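Reminder that position 315 of the sequence shown reads as 314 in numbering that gives the first Met the number 0, one-by-one numbering, no gaps. The beta carbon of each residue, even a glycine, is placed where N, CA and C say it ideally should be. Here the structure is a predicted model, which means the values were calculated and not measured.
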Amino acid sequence: MSEPAPFAIPVRKKKLTPSDETRIVVMSDMHRGDGTGSDDFAHNSLIFKCALDYYLESKFTFIELGDAEELWENKAFAQIYITHTSIYDRLKEFHDPNPDRTRYIKIWGNHDLLWQDKKNQPLLDDLFPGIEIHECAILNGPSRFLLLHGHQFDPTCHGAGSRVSKFFVRHFWGRLQRCGIKDPTRAANNPGKSNELDDRLYQWAKANHDGIHTVIAGHTHRPVFENLSLAERKLQDLGVGPRGIKKKRRTDTAYFNTGSCVHPRCITGIEITFENQRPTLQLIKWAYEAQPIQQPKGSGPPGTYDLVVKRTVLA
Ligand SMILES: [Mn+2]
């Protein structure tokens, strides 16, 4: 078991005190890019748009938990904005210049760490007047939640290691990716690394710093519900799995992970609703689904399907 990573909650943070009317959706790791082959988000942008429409309509607050913009591969946010204008148009509808009223809460990650510095935000400020971008958010209530991207717990993405990774990604990665090579260094594609990070975040939550009961993070691109990854939950349900591998058995509300919006065929996130101040969390997926077209008997060819975008509760 690894040591809890030293992470101190910063003084400047977003504080939310939810009521029973509050609905929150947390999504991370969109990695919105410039629309070329190295833009990992482009293939999911329609699914993401539908999800935003639903959350707008259903009065959710949208928490964007880091790596929303891919600013390692793309130096200019303008190019990302031009490519994904329709997404930003919807995000603008969540935004309110009054920080107490806004339904768009933006947290930075390691790929959009640039937002840390106010002077890097002119265009973003034009789009979202008065926007505040934070390292983390705290959800107050009987059980306190800490929401952050999670790279703070990943030594290769934090401090000196991150400068090397960033240099590599900016100068070489885009070119390799356009050739169809998948990134071997990201926690997302490296289950061992994800386990280690999940464990660090979990241990930190358990050590209960500042009365935090639950940590919700992103960064690994691997959804975790009550401290079990989806694969772990599935293996438990099926009662199968590789032999000799230590399996986590018990669920624990100390740690959750949103997954990402760059999965090959879907996006994942966590919805939070409240009853008597008690939060209920759901891991959800938005994906394409084929549905057979209902046709009057004898008319039209069989084997015809409608492609729909659908929200599914995973856990
Ligand atoms: Mn990240």
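How is ASN194 classed by DSSP in three states: helix, strand or coil?
One-based indexing of the sequence shown puts residue 194 at position 195. ASN194: helix per DSSP, three-state reduction.
Coarse secondary structure for CYS135, derived from DSSP in three states
Start at 1 with the first residue of the sequence shown, and residue 135 comes out as number 136. If DSSP states are grouped into helix, strand and coil, CYS135 belongs with the strands.
Roughly how many angstroms lie between the CA atoms of PHE40 and PRO222, to the nearest whole one?
Looking up residue 40 in the sequence shown gives position 41. Looking up residue 222 in the sequence shown gives position 223. In this structure, the CA atom of PHE40 is about 17 Å from the CA atom of PRO222.
For a test of the three-state rule: what should DSSP assign to ILE8, helix, strand or coil?
Your numbering for residue 8 matches position 9 in the sequence shown. Here DSSP, grouped into helix, strand and coil, assigns ILE8 to coil.
Closest to HIS212 by CA distance: which of PRO295, THR252, PHE76 and GLU131 is it?
Within the sequence shown, the letter at position 213 stands for residue 212. Checking every option, the nearest Cα to that of HIS212 belongs to THR252.
Thinking C-beta only, is SER27 closer than 8 Å to THR311?
Within the sequence shown, numbered from 1, the residue matching residue 311 stands at position 312. Within the sequence shown, numbered from 1, the residue matching residue 27 stands at position 28. No; because the gap between Cβ atoms is not below 8 Å, this pair is not in contact.
According to DSSP, simplified to helix, strand and coil, what is HIS94?
The residue given as residue 94 occupies position 95 in the sequence shown. Residue state, collapsed to three classes: coil.
Output the distance between the C-alpha atoms of GLU274 and CYS265, rounded to the nearest integer angstrom.
Counting from one through the sequence shown, the residue named residue 274 turns up at place 275. Counting from one through the sequence shown, the residue named residue 265 turns up at place 266. Looking at the two C-alpha atoms, the distance is approximately 29 Å.
Output the boundary residues of the alpha helix (DSSP H) element that contains GLN325.
There is no way to answer for residue 325, as the model of the chain reaches only from 0 to 314.
C-alpha distance - ASP95 paired with PHE59, whole-angstrom precision:
Against the sequence shown, residue 95 aligns to sequence position 96. Against the sequence shown, residue 59 aligns to sequence position 60. C-alpha separation (whole angstroms): 14 Å.
Give the DSSP-derived three-state secondary structure of TRP203 in the structure shown.
Within the sequence shown, residue 203 is the residue found at index 204, counting from 1. Helix, per DSSP.
Taking all protein chains shown into account, decide if PRO300 is buried (16 or more other Cβ within 10 angstroms of its Cβ) or exposed.
Numbered from its first residue, the sequence shown carries residue 300 at position 301. Here PRO300 is exposed. Its C-beta has fewer than 16 other C-beta atoms within 10 Å.
Drop a sphere of 10 angstroms on the beta-carbon of TYR254, count the other beta-carbons inside from all chains shown, and report buried for 16 or more, exposed for fewer.
Counted from its first residue, the sequence shown places residue 254 at position 255. Buried, since its Cβ has 16 or more Cβ neighbours within 10 Å.
Provide the residue span of the alpha helix (DSSP H) that contains PRO278, from first to last.
The residue you call residue 278 lines up with position 279 of the sequence shown. If you look at PRO278, you'll find it isn't in any alpha helix (DSSP H); it sits in the beta strand (DSSP E) that goes 277-291.
Counted within 10 angstroms of its Cβ, other Cβ atoms place ILE269 as buried (16 or more) or exposed
Along the sequence shown, one-based indexing puts residue 269 at 270. By the 10 Å Cβ count, ILE269 comes out buried.
Anticipated Cβ contact below 8 Å, SER142 with PRO278, distance rounded
As a first step, residue 142 is located in the sequence shown; it is residue number 143 there, counting from the start. As a first step, residue 278 is located in the sequence shown; it is residue number 279 there, counting from the start. With a Cβ gap of about 7 Å, SER142 and PRO278 count as contacting.
CA-CA distance, GLY108 and LEU45?
For this step, residue 108 is matched to residue 109 along the sequence shown. For this step, residue 45 is matched to residue 46 along the sequence shown. LEU45 has its alpha-carbon roughly 23 Å from the corresponding atom of GLY108.
So is GLN78 in contact with chain C if we call contact Cβ pairs under 8 Å?
The structure shown has no chain C; it contains just one protein chain.
Span of the beta strand (DSSP E), counted from its first residue to its last, around ASP305
Numbered from its first residue, the sequence shown carries residue 305 at position 306. First-last of the beta strand (DSSP E) with ASP305: 304-312.
Taking Cβ positions, are PHE224 and ALA314 nearer each other than 8 Å?
Locating residue 224 in the sequence shown gives position 225, counting from the first residue. Locating residue 314 in the sequence shown gives position 315, counting from the first residue. Yes, the pair counts as a contact, with Cβ atoms nearer than the cut-off.
Just to check, is the beta-carbon of ASP28 closer than 7 Å to a non-hydrogen atom of ligand 3?
This structure lacks ligand 3; the ligands present are ligand 1.
Can you tell me the Cα-Cα spacing of PHE93 and ARG102, whole angstroms?
Along the sequence shown, read from residue 1 onward, the residue named residue 93 stands at position 94. Along the sequence shown, read from residue 1 onward, the residue named residue 102 stands at position 103. Taking the straight line from one Cα to the other gives about 5 Å.
Please determine if the region 77-92 and the region 4-22 are in contact, where contact requires at least 3 C-beta pairs separated by less than 8 Å.
With a cut-off of 8 Å, the region 4-22 and the region 77-92 do not count as touching, because too few Cβ pairs lie within range.
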